[in-house]
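Undergrad: Residues in the sequence shown are numbered consecutively from 2, following our numbering.
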Amino acid sequence: MKGKKLLSLLMCTLLAAGALGACGQEAGESGGESRNQSSEVKESSGTESQEAAQGEGTNEEQTWQVTLAVPVNGPVDEKNETLDYLNSLVPGLEFKIEAIEIGSYWDILNPRLASGEIPDIFHCHSDSMYRSYLEQGVLGGVAPELIKECMPEFVSDLKECDATGAWSLVLDNGLIYGLPIVTGERTYNFTNGWRMDWLKAVGIDKVPETVEEYEEAFTRFTFNDPDGNGVDDTYGTTLRGKDSTPNLFPSLFGAYGIFPGMWNLAEDGTLKFGITDPRGKEALEKLHSWYEKGLIDPEFISVDGVGRTEKWANSKVGALVDTTYYNLQPGDAIYDGLLALTPEAEVVSGPAPKGEDGDYGYMNWGRYTNRVVFGKTLLADEEKLKKVLQLYDLISTDFEVCARLRCGVEGTHWEYNEFRVPQKFSAYSDAANNGPSGLNTFWQGGIPYTPIVGDLFEGSNIEELNKYGKEGTLVNGENYFSYLGKFVPDEVGTAYKAEADTLYKTNFIDFITGARPLEEYDAFVEEWMAAGGEAYTKAHNECWQNIETIMAEAESIFN
Ligand SMILES: [Ca+2]
2 MKGKKLLSLL
12 MCTLLAAGAL
22 GACGQEAGES
32 GGESRNQSSE
42 VKESSGTESQ
52 EAAQGEGTNE
62 EQTWQVTLAV
72 PVNGPVDEKN
82 ETLDYLNSLV
92 PGLEFKIEAI
102 EIGSYWDILN
112 PRLASGEIPD
122 IFHCHSDSMY
132 RSYLEQGVLG
142 GVAPELIKEC
152 MPEFVSDLKE
162 CDATGAWSLV
172 LDNGLIYGLP
182 IVTGERTYNF
192 TNGWRMDWLK
202 AVGIDKVPET
212 VEEYEEAFTR
222 FTFNDPDGNG
232 VDDTYGTTLR
242 GKDSTPNLFP
252 SLFGAYGIFP
262 GMWNLAEDGT
272 LKFGITDPRG
282 KEALEKLHSW
292 YEKGLIDPEF
302 ISVDGVGRTE
312 KWANSKVGAL
322 VDTTYYNLQP
332 GDAIYDGLLA
342 LTPEAEVVSG
352 PAPKGEDGDY
362 GYMNWGRYTN
372 RVVFGKTLLA
382 DEEKLKKVLQ
392 LYDLISTDFE
402 VCARLRCGVE
412 GTHWEYNEFR
422 VPQKFSAYSD
432 AANNGPSGLN
442 TFWQGGIPYT
452 PIVGDLFEGS
462 NIEELNKYGK
472 EGTLVNGENY
482 FSYLGKFVPD
492 EVGTAYKAEA
502 DTLYKTNFID
512 FITGARPLEE
522 YDAFVEEWMA
532 AGGEAYTKAH
542 NECWQNIETI
552 MAEAESIFN
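This is the structure we're talking about:
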């Protein structure tokens, strides 16, 4: 742990707990055992100080139980090393973590929240759920002054990254309802991956760079037996038609100047939902022609993230069009899965396909992504609240602490790679193996680590890794916008989801397969507009006009 962080943590502990004094030392690494005795765990303070007779006015024995809900992609054992470490960080806190499989996260959490069983903290990757729970009074609002007092590093990291506006994601009526998750500028870009050994096998010696070159490579992958087994059993690529419909092959759309599920600056100076922009139709025509020619996996409609990874690992497709740069590096399940079955496979990343007008680029989710929110239960005890804020200041801003929680022990679970990015050993890149270590706990969320810490995890600031992700003519916040929906009223989003969203997803796939001919594209746009798309478009345009004002309120508090 960096000295400066430790000092600030101690300062804040002193500020918050008053006479707590040196009692904090006792927790250490061994603290987990004693605090696991439930008789010592108190939901809130009150009787504690009376019992701590030997402490003479202090409450050094007091323990607060903190409930936390996080989405995960694999097992988390009830007792695990990660939990022990987490409990050792700030004396007095004992976490009870509910790790919920990410696909059923809201299905499980929603009924509990509705029945009043509210976690003190929970990961919130849904704007709609955030707005909804804010309105229902499920969330607890903290005074910005307390955030500044207990989370000085977090506040200063966002300021240093010029991301103070992100506090607007969790600001309502002057109170802070959680912590914004902010990434470095333009990180998490998609980056397409290729089988370089396949390209060479079919007579192509460089990574494709244009729509034409993509088409040529896909054609040869489909018809020229790139794996050399004498069987016609391969395709150019597959798409996640089952679970990622809004973003099928976004970089191909980028070649036409838009992203289908984003708000794009249209020729008339307004924002249009990508698929409804005439340029979206051109991209659909190209994608449909590739499907007709057999270059796209014909099973793509039923392919999800797991299915895509399997097809890649089993050498059924030679390109991935929904990955990020770090998926294409050793230590990632997508890379490791392929190499485990085909050790001679050569994986490379490449640029987004360039279109005829020179447009190209990879979509990214922007700087403002999700939230970790406070349940109202967290506010019941101010001393507990302060300690939790201190803990979150530490785990979100101290890279070593965060790495211990997300990746495990250096040398045991992971090592630094040549770019000094933590790389899990292959045994641990498979989430199925991580139950006892607890390594799945914070892999999908739960820690709103700051952009400074995030850059160190993802290597997003390393040119050599992320150069393709960053280059191009499409810029989030200039000609397309990923984050406006975070500020659009919940009722507009809910109304959109009720009908127009389904129309979008269904027609997107039907236009690719030809189930609906593209001659009916204009009719689709009309249907979408009538089904709630028009109000949705209007709300996003209004939000776009007001976004600076919205951010300015948060900036005035935290700058
Ligand atoms: Ca073959």
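Here a beta-carbon is modelled for each residue, glycine too, at the ideal position from N, C-alpha and C.
These figures come from a predicted structure and were not determined experimentally.
Who's in the neighbourhood of ligand 1, going by beta-carbon under 6 Å from any heavy atom, listed in chain order?
TA: Near ligand 1, meaning a Cβ closer than 6 Å to any of its heavy atoms, lie the following residues in chain order: D226, D228, N230, V232, D234 and T235.
Undergrad: May I have the straight-line CA-CA distance separating W65 from G93, to the nearest angstrom?
TA: Roughly 6 Å between the two C-alpha positions.
Undergrad: Is F509 helix, strand or coil by DSSP?
TA: helix
Undergrad: Look at H126 and G446 and say whether their C-beta atoms are less than 8 Å apart.
TA: yes
Undergrad: How many whole angstroms separate the CB atoms of Q424 and E411, which I take to be in contact at a CB cut-off of 8 Å?
TA: Between E411 and Q424 the Cβ distance is about 11 Å, and since that is not below 8 Å, they are no contact.
Undergrad: Would you mind reading off the limits of the alpha helix (DSSP H) that contains F224?
TA: V212 to F224 is the span of the alpha helix (DSSP H), which, as asked, contains F224.
Undergrad: Using a Cβ-Cβ cut-off of 8 Å (strictly less than) and excluding sequence neighbours within five positions of D244, which residues of its own chain qualify?
TA: D305 and G306
Undergrad: Quick check on this structure: which residue in Q137, L457, Y131 and A555 has the alpha carbon closest to the alpha carbon of S116?
TA: Q137
Undergrad: How would you call P261, buried or exposed, if buried means at least 16 neighbouring beta carbons within 10 angstroms?
TA: buried
Undergrad: For S252, count neighbouring C-beta atoms within 10 Å of its own C-beta (all shown protein chains included) and say buried if the count is 16 or more, exposed if not.
TA: Result: buried.
Undergrad: DSSP three-state label for Q137, please.
TA: Q137: helix per DSSP, three-state reduction.
Undergrad: Can you list, in chain order, the residues of its chain with a C-beta nearer than 7 Å to that of K1? Leave out the 5 residues immediately preceding and following it.
TA: Nothing can be reported for residue 1: it is not among the residues displayed for the chain, which extend from 2 to 560.
Undergrad: Report the partner residues of G376 according to the DSSP bridge assignment.
TA: L140
Undergrad: Mind checking whether T398 and D158 have CB atoms under 8 Å apart?
TA: yes
Undergrad: What's the C-alpha gap between D596 and G194?
TA: A question about residue 596 goes unanswered here, because the residues of the chain that appear run from 2 up to 560.
Undergrad: I'd like to know whether the C-beta atoms of T220 and L110 end up nearer to each other than 8 Å.
TA: T220 places its beta carbon 8 Å or farther from that of L110.
Undergrad: Can you tell me whether Q51 is buried or exposed, with buried defined as 16 or more other CB within 10 angstroms of its CB?
TA: With a pLDDT of 39 at Q51, under the threshold of 50, the modelled position of this residue cannot be trusted; read the value that follows with caution. With fewer than 16 other Cβ atoms within 10 Å, it is exposed.
Undergrad: Using the C-alpha atoms, what's the distance from R517 back to K388?
TA: 57 Å
Undergrad: How is A202 classed by DSSP in three states: helix, strand or coil?
TA: helix
Undergrad: Determine the DSSP secondary structure at P251, reduced to helix, strand or coil.
TA: helix
Undergrad: DSSP state of A320, grouped into three classes?
TA: Strand, per DSSP.
Undergrad: Just to confirm before moving on: does the CB-CB distance between Y393 and M130 stay below 8 Å?
TA: For Y393 and M130, no; Cβs fall outside 8 Å.
Undergrad: Less than 8 Å between C-beta atoms, sequence neighbours within five positions excluded: which residues of the same chain meet that for V71?
TA: I98, E99, A100, I101, F123, H124, T442, F443, Q445, G446 and G447
Undergrad: By alpha-carbon positions, which one of D173, Y361 and A346 ends up nearest to P352?
TA: Y361
Undergrad: Count the other CB atoms within 10 Å of the CB of N467; is the residue buried (16 or more) or exposed (fewer)?
TA: Looking at its Cβ environment, which holds 16 or more other Cβ atoms inside 10 Å, N467 is buried.
Undergrad: Straight-line CA distance for P76 to E384?
TA: Using only the alpha carbons, I get a separation of about 32 Å.
Undergrad: What do you get for Q391, buried or exposed, if any count of 16 or more other CB atoms within 10 angstroms of its CB means buried?
TA: buried
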